[in-house]
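Following: one structure in structure tokens, then a few remarks.
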Amino acid sequence: MDEFLARIRYFDIQIRKAVNSQMRGTFRSVFKGTGLEFSDLRTYQYGDDVRAIDWNVSSKGHGTFVKVFREEKDQTVFFVVDVSASQQVGSRQRIKLDTTRDVTGVLAMSAIREASHVGMYCFSDQKECYIKPASTMKTGYQLITSLFKLVPQSTRTNLADALLFTLNILKRRSVVILLSDFIDTSYEHNLKALARKHDLVVVHLYDKREVNLPRLGIIPVHDAETGRVSWVNTSSMSFRTQLRESFQSNQRGLERLCRQYNANYLALESQDDFVPKLIDLFRVRKYQ
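Right, here's the structure in full:
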């Protein structure tokens, strides 16, 4: 746990320095919401949106008034984290789940400082961990600690159910950060609904072995989620091409869906340094 916290603090310092020096801003721009709350009334002016007219007040005969809104300050940042068995893919030194934990941890640490409420939902094909959004520092550290200590009870994935849970639990517009390898099907409808209702950030974790397997000849491949073992020829050109094209097709589809519904998309290879890519994400969100 100490090593995990030290690593998160190190990444946090790196990103914070870059944000302050390159962008002349803070993490607040990353977690700011686009939700609006009622602020005041003012007299209608030519060009105002008629949908903003307060008809109840205007009907009293003292003029036509429109509602003035301001950005909500009471912002919620909610992490939806895939901890299924497919996250165990990687090298002996580092698997996808390690990177998922690091990225979630450093973003959570930032969110604790910059947002009003922070919460988390970890899932497989069931609820593995749920921390209700709250505004205390204690909740933030509970989130980071729970993420590190979590031992998933199931190996399988049900991304659609996780997205539906998030839709049902978050009543107000929030910043939702979804971290998964997206090795699942039939989740697109719920992802679209989540992107429409909330400010969605999609972090797509993958390992290079899922795109380009080493040439090891005919080997048994164990599916961690189903328990099945299949024999594949990793030296076969057709197999290697199919593997690569399947991954690229899924990635393009996910990225296209995010772009269509104004969600931020970030692909992270689990063995790479993710700090520069997170900084790029912050830069994009700062000027959205």
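Throughout the sequence shown, residue numbering follows my numbering, covering 408 to 695 in sequence.
Even glycine gets a Cβ: it sits at the ideal position worked out from N, Cα and C.
Here the structure is a predicted model, which means the values were calculated and not measured.
Looking at C-alpha atoms only, which residue of the options is the closest neighbour of residue i?
{"i": "Q421", "options": "I686, V691, R690, R580", "result": "I686"}
{"i": "F589", "options": "A567, H605, I576, L571", "result": "A567"}
{"i": "S553", "options": "D455, V618, C536", "result": "C536"}
{"i": "Y594", "options": "L574, L557, D461", "result": "L574"}
{"i": "L577", "options": "L557, D409, F486", "result": "F486"}
{"i": "Y453", "options": "W462, N463, D447, F472", "result": "F472"}
{"i": "D456", "options": "R616, V475, D489", "result": "V475"}
{"i": "T483", "options": "R580, N657, M408, G634", "result": "R580"}
{"i": "D505", "options": "V490, A515, A518", "result": "V490"}
{"i": "P627", "options": "Y613, S637, V618", "result": "S637"}
{"i": "V525", "options": "M516, S517, A541", "result": "A541"}
{"i": "N657", "options": "M408, M516, A674", "result": "A674"}
{"i": "M516", "options": "I415, S677, G660, E676", "result": "I415"}
Taking the beta strand (DSSP E) that residue i belongs to, which residues open and close that run?
{"i": "F681", "result": "No beta strand (DSSP E) contains F681, which DSSP labels as neither H nor E."}
{"i": "G526", "result": "524 to 530"}
{"i": "D606", "result": "606 to 613"}
{"i": "L585", "result": "582 to 587"}
{"i": "T648", "result": "No beta strand (DSSP E) holds T648; the alpha helix (DSSP H) holding it covers 644 to 667."}
{"i": "V618", "result": "It is not in any beta strand (DSSP E) - V618 carries neither H nor E in the DSSP assignment."}
For the alpha helix (DSSP H) that contains residue i, what are its first and last residues?
{"i": "A541", "result": "Premise fails: A541 lies in the beta strand (DSSP E), 534 to 541, not in any alpha helix (DSSP H)."}
{"i": "D509", "result": "503 to 521"}
{"i": "L570", "result": "566 to 576"}
{"i": "F555", "result": "544 to 556"}
{"i": "S637", "result": "Counting along the chain, S637 falls outside any alpha helix (DSSP H), though it belongs to the beta strand (DSSP E) covering 636 to 640."}
If we ignore side chains and look at the alpha-carbon of each, how far apart do residue i and residue j end up?
{"i": "P621", "j": "A413", "result": "33 Å"}
{"i": "H596", "j": "K467", "result": "45 Å"}
{"i": "M430", "j": "R690", "result": "Any reading at M430 must be qualified, since the residue scores a pLDDT of 43, below 50, and its modelled position is unreliable; no value is offered."}
{"i": "F411", "j": "S465", "result": "58 Å"}
{"i": "V583", "j": "T511", "result": "12 Å"}
{"i": "V608", "j": "H469", "result": "45 Å"}
{"i": "P559", "j": "I538", "result": "15 Å"}
{"i": "I449", "j": "Y672", "result": "Looking at the sequence itself, residue 449 is Arg, so the reference to Ile does not match. Taking the straight line joining both Cα atoms gives about 39 Å."}
{"i": "L623", "j": "M644", "result": "12 Å"}
{"i": "V513", "j": "T543", "result": "17 Å"}
{"i": "S523", "j": "R423", "result": "19 Å"}
{"i": "T441", "j": "E521", "result": "Here the model assigns T441 a pLDDT of 48, short of 50, so the residue's position is not dependable and the matter cannot be decided."}
{"i": "N565", "j": "D461", "result": "44 Å"}
{"i": "V682", "j": "G547", "result": "21 Å"}
{"i": "E617", "j": "D447", "result": "54 Å"}
{"i": "S587", "j": "R663", "result": "17 Å"}
{"i": "A492", "j": "R692", "result": "31 Å"}
{"i": "F654", "j": "F646", "result": "12 Å"}
{"i": "H605", "j": "I502", "result": "30 Å"}
{"i": "R508", "j": "T648", "result": "31 Å"}
Comparing the CB of residue i with every heavy atom of the ligand FAD, is any distance shorter than 7 Å?
{"i": "V636", "result": "This structure simply doesn't include the ligand FAD, nor any ligand for that matter."}
### Task
Kindly confirm or deny that the stretch 598 to 608 and the stretch 650 to 670 touch, where touching means at least three C-beta pairs closer than 8 Å.
Result yes; three or more Cβ-Cβ pairs closer than 8 Å.
### Query
Do the stretch 495 to 503 and the stretch 528 to 535 touch if we need at least three Cβ pairs shorter than 8 Å?
Judged by Cβ distances under 8 Å, the stretch 495 to 503 makes no contact with the stretch 528 to 535, as fewer than three pairs qualify.
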